[in-house]
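A.B. asks:
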Amino acid sequence: MTSLPMESSRNEEKHMEFQFYMPTRVFCGAECVKKQQDLLPSIGKNAFIMTGPKSAETNGSLKDLVDALESVGMEWKLHNKVKPNPSLEEVRSAAEEARLWGADCIFALGGGSPMDAAKAVAVLAACEVSDHTLLTTQKFAEVLPLVAIPTTVGTGSEVTPYSILTNNELQTKSFLRSDQIFPVLAFLDARYCTSLPAKVTVATMVDAMSHCIEGYLAVRSTPMAQFIATQALDLIASVLPAVKDSHELSLEQWEQLLYASMLAGIVIAQTGTTAVHAMGYSLTYFKGIDHGVANGYLLPEYLRFMQQHRQADVGALLAAMAMANLDEFQHTMESLLGVTTLGQQDLKKYAAIAINAGNIKNTVPEPTEDELYHMLTKTFVR
Ligand code: NAP
Ligand code: ZN
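Here my numbering is used: the sequence shown runs in plain steps of one and ends on residue 431.
1) Are there 16 or more other CB atoms within 10 angstroms of the CB of Val342, so buried, or fewer, so exposed?
2) Measure the Cβ-Cβ separation of Thr200 and Ser91 and say whether it is below 7 Å.
3) When you measure from the CB of Val108 to every non-hydrogen atom of the ligand NAP, does any distance come out below 6 Å?
4) Would you grab the beta carbon distance between Arg148 and Ala174 for me? Rounded to a whole angstrom, and I think it's under 8 Å.
5) If you reduce the DSSP assignment to three classes, tell me which class Val140 lands in.
6) Assign Cys176 to one of three DSSP states: helix, strand, or coil.
7) Am I right that Gly321 and Asn405 are in contact with their C-beta atoms under 8 Å? What's the rounded C-beta distance?
8) Write down the C-beta distance between Ala167 and Leu195 rounded to the nearest angstrom, noting that I regard them as a contact closer than 8 Å.
9) Quick one: what's Tyr399 bridged to in DSSP?
10) Please tell me whether Ala278 and Cys261 are closer than 7 Å, where the distance is taken between their beta carbons.
11) Leaving out the 5 sequence neighbours to the left and right, which residues in its chain are closer than 7 Å to Val363 when beta-carbon positions are compared?
12) Can the beta-carbon of Gly337 be found closer than 7 Å to that of Asp256?
13) Measure the alpha-carbon distance for Met71 versus Asp376 and round it to whole angstroms.
14) Can you check which of these residues, Ser136, Ile317 and Leu347, is closest to Val170 by C-alpha distance?
15) DSSP three-state call for Ala281: helix, strand or coil?
16) Throw me the rounded Cβ distance for the Leu425 and Leu385 pair, which I believe falls under 8 Å.
17) With distances taken between CB atoms, is the gap from Ala239 to Leu289 smaller than 7 Å?
18) Which of helix, strand or coil does DSSP assign to Tyr404?
19) Could you say which of Leu114, Ala403, Leu158 and Val75 lies nearest to Thr221 if we only look at CA atoms?
20) Tell me whether Asn134, by its Cβ, gets closer than 6 Å to a heavy atom of the ligand NAD.
21) Confirm the yes/no value for this check: CB of Thr200, any heavy atom of the ligand NAP, distance under 6 Å.
22) How many angstroms separate the CA atom of Met273 from the CA atom of Tyr211?
23) So Val82 is in the alpha helix (DSSP H); what residue range does that whole segment cover?
24) Taking a contact to mean a Cβ-Cβ separation below 7 Å, would you say Thr100 touches Gly160 in this structure?
25) Measuring only the C-alpha atoms, how far is Ile230 from Asp419?
26) Could you check if Cys242 belongs to the surroundings of the ligand NAP, using beta carbon to heavy atom distance under 6 Å?
27) Determine the burial state of Gly387: buried for a count of at least 16 other Cβ atoms within 10 Å of its Cβ, exposed for fewer.
28) In or out: Phe69 buried (at least 16 other Cβ within 10 Å) or exposed?
29) By DSSP, does Asn344 sit in helix, in strand, or in coil?
30) Any idea what DSSP makes of Leu214, helix, strand or coil?
31) Counting only the same chain and skipping the five closest in sequence on each side, list residues whose C-beta sits under 6 Å from that of Thr253.
32) Which residues in the same chain have their Cβ closer than 8 Å to the Cβ of Val121, if we skip the five residues on either side of it in sequence?
33) From Met50 to Trp303, what does the alpha carbon distance come to, in whole angstroms?
34) Would the beta-carbon of Tyr211 be found less than 6 Å away from any heavy atom of the ligand NAP?
35) One question on the structure: do Glu350 and Lys427 come within less than 7 Å of each other, judged by their Cβ atoms?
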């Protein structure tokens, strides 16, 4: 295990030296797509719209976007086949469709899956690269401009430089990371979220919490990221009891969740994620557990591991959520997500996969494979 620098000297270093980069122009508020439609022609002429099969049509976001594009004289083509956890194969096929049609800009409408698929398509429709290059290069010859309209409340992908894709060859999820895939524009209209099923609301809200918690504790954390993370956790904590008790949320509460999710995205855009996401990818890949739920299962044991080394930081996170201790945090997660059991053989395999993930190196202290296995067994073996 790498040794942890003294907390005081670590903070001094962080306060002296960090950068903050977030190039996405964000508009927030009811009807923001329509209100800002005159900006759209500056993005391109031929808009390739990427979304999932159903929700964009039923929540009104697709109609609003199409109306706005048509009002300003833009052509559009709909690709509404994005499935949860899009794969490299799927984005290649969508990129071919976009290229053949002559797309010069990409619009993403939906949760993290359409947004991440659209980011990969923005690269692949503009330049021919192998999967290896796609996942390892940060500078591409050309990338189509991208507009993101989130309709779930968790990934914050509208303000991140990441696209997370299912990699069937490696049997996990892999990252495309480039500043060129930050969306140019993001529109946050919480009216689209009001149709979210409770299960997706919970999963995505918990993902946003995970982004804040991991971002706060990451090797690459910064004072600004920590400030934003605690603000977002505070906002989520104030809506959490209503989500937990399945009360109907007011539009103001949906706005709060969508805003917090975007803030959490800004956090990980600066800091990256850590061991929780590294382990969570296997739960999604092998067991089909939703991304946010996977993270939520793992957060309590991750925080117990962290508390042994970074008590003050874990205390600050609990305070931001107005929670007294980790038992209360665990109880809250269990009441939101329930508990599940997995076999030790599976968990050994997941620890072995996770230890090779890039975000393990972003975890401080850096856990060993045994420590990952310990976190997994404490979470899933009962
Ligand atoms: P998602 O996979 O995009 O969507 C999940 C489900 O929610 C879909 O069935 C979708 O239906 C439905 N849905 C979306 N919006 C809805 C709405 N307003 N009303 C009703 N149903 C709605 O879920 P997600 O959790 O937002 O995204 C997960 C993905 O994001 C994962 O692949 C994860 O790895 C990735 N992620 C990326 C980042 C990043 O920085 N790039 C960060 C975290 C996570 P339809 O299919 O019909 O639309
Ligand atoms: Zn996530």
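Cβ coordinates follow ideal geometry from the N, Cα and C atoms, glycine included. Quick caveat: nothing in here was measured; it's all calculated off a predicted structure.
C.D. replies: Answer, in terms of the structure:
1) buried
2) no
3) Per the sequence presented here, residue 108 reads as Asn, with Val not at that position. Flag set: Cβ of Asn108 near the ligand NAP.
4) 5 Å
5) helix
6) coil
7) Wrong, their Cβ atoms sit about 16 Å apart, outside the cutoff.
8) 6 Å
9) The partner list for Tyr399 (beta bridge, DSSP) is empty, contrary to what the question assumes.
10) yes
11) Leu352, Met355 and Gln356
12) no
13) 35 Å
14) Ser136
15) helix
16) About 20 Å separates the two Cβ atoms, so there is no contact after all.
17) no
18) It should be pointed out that residue 404 corresponds to Ile in this sequence rather than to Tyr. DSSP places Ile404 in coil when its eight states are reduced to three.
19) Ala403
20) With respect to the ligand NAD, the structure shown offers nothing to examine, as its ligands consist of the ligand NAP and the ligand ZN.
21) yes
22) 20 Å
23) Cys81 to Lys84
24) no
25) 35 Å
26) yes
27) exposed
28) exposed
29) helix
30) strand
31) Thr201, Val202, Gly203 and Gly341
32) Gln86, Asp87, Leu89 and Pro90
33) Reliability of the predicted coordinates at Met50 is poor, the pLDDT of 37 falling under 50, and no value is obtained from them.
34) yes
35) yes
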